[in-house]
Amino acid sequence: MSMLHTQLFRGPINVAAWPTWNFEEVFKLENVSAEPTTNEITVADPTRIGLPPLDSVTSTSEVTITGDAVAFSPAAAALAMYGSVERVPSGSVSDEAHDAYIDRTIMLAHIPLEVTSVTSSDGLTAYTRNVDYAVTPAGIRILRGGVLAGEIAAETSLKLPIKVSYSYPTVDVIKPFTTGQKYWRVMFGQQNEGGSNEKRRIQCYYCKIALNGGIPLNQGAEFGTVPVQIKILPDPNIFDIGEAAMWQWEVESKDN
79 MSMLHTQLFR GPINVAAWPT WNFEEVFKLE NVSAEPTTNE ITVADPTRIG LPPLDSVTST
139 SEVTITGDAV AFSPAAAALA MYGSVERVPS GSVSDEAHDA YIDRTIMLAH IPLEVTSVTS
199 SDGLTAYTRN VDYAVTPAGI RILRGGVLAG EIAAETSLKL PIKVSYSYPT VDVIKPFTTG
259 QKYWRVMFGQ QNEGGSNEKR RIQCYYCKIA LNGGIPLNQG AEFGTVPVQI KILPDPNIFD
319 IGEAAMWQWE VESKDN
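This is the structure in structure tokens:
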């Protein structure tokens, strides 16, 4: 029985720093397609009316893969924005000094996990959470109507020094656009949900990965997706004639 070659392939996409083969899944892409960039080189036949082609060659300079990331890890953000990612361990801070203003947010040195105390600069007055201040991912916001707001309003400068003690979580710090280019290997490991349920592996030898549009920062009623572009170029280490320098496909055969 011959295979039914309908297309409904699914599977993870793995990335490794070129020239290594140590692959990791850093994002999950949907609606993935690949389009080659071709160049037509033609010489006309000068002996014929209309100058029809005498000879022509079609060359492919690169292949562009596009898709939408439905899961986008910090590592994916770093590689798509030509940056780096560093893991900073959790910890705690005691008596971090700030100036408090009414209805303003104080950016703490770290993302607050648990705020243990907010006090006056001399430590004699303790302020109450959700009365004097609220905790947000950015820091703490000074609320109207509380004791702290009254003390701030009584100051000529309309500000009051306070101290904040809190714990903070482990975070991945992403620093985008710190380098001009990086190269990767990309590998697709897939199985056809339709067809003959055949397996398929696609190796992309030498790639650049970047954003392919706007990155969603504040989502609405639907999950955000991140447009990603993978550009496959010829591997500079593959020279042999007849060898694929950009990518190679392996498809399981189930023909009897």
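Taking my numbering, I'd label the letters of the sequence shown as residues 79 to 334. Positions of the beta carbon are idealized from the N, C-alpha and C atoms, including for glycine.
- The closest CA to that of Thr257, considering only Thr144, Arg126, Arg207, Val163, is found on Val163.
- Per DSSP, Glu330 lies in no alpha helix (DSSP H) and is assigned neither H nor E.
- The Cβ neighbour count for Asn315, taken over all protein chains shown within 10 Å, is under 16; the residue is labelled exposed.
- When the Cα atoms are used, Glu103 and Thr248 turn out to be separated by approximately 21 angstroms.
- Per DSSP, the continuous alpha helix (DSSP H) segment holding Val225 begins and ends at 225 to 231.
- Around Glu229, the same chain offers Leu238 as residues with beta carbons nearer than 6 angstroms, after the five sequence neighbours per side are excluded.
- Looking at the DSSP output, Val304 sits in a beta bridge with Ala147.
- 9 angstroms or more divides the Cβ of Ile143 from the Cβ of Lys260.
- Residue environment: Leu295 is assigned as exposed (fewer than 16 neighbouring CB atoms within 10 Å of its CB, all protein chains considered).
- In terms of Cβ geometry, Gln269 and Gly145 do not form a close pair [threshold 9 angstroms].
- Here the stretch 218 to 235 makes no contact with the stretch 281 to 298; the two share fewer than three CB pairs at distances below 8 angstroms.
- In the displayed model, Pro152 falls within a helix according to three-state DSSP.
- The Cβ atoms of Val242 and Val209 lie no closer than 9 angstroms to each other.
- When the beta-carbon positions are compared, Met324 and Val93 stay at least 9 angstroms from each other.
- Between Glu118 and Ser134 the beta-carbon gap is near 6 angstroms, inside 8 angstroms, which marks them as a contact.
- Where Lys106 is concerned, the enclosing beta strand (DSSP E) starts and stops at 105 to 122.
- Going by DSSP, Asp210 is part of no beta strand (DSSP E) at all; its letter is neither H nor E.
- In the three-state DSSP reduction, Leu157 falls in the helix class (H, G or I).
- Rounded to the nearest angstrom, the gap between the Cα atoms of Phe317 and Pro97 is 15 angstroms.
- Looking at Thr125, Leu86, Pro131, the one whose alpha-carbon comes closest to that of Val110 is Leu86.
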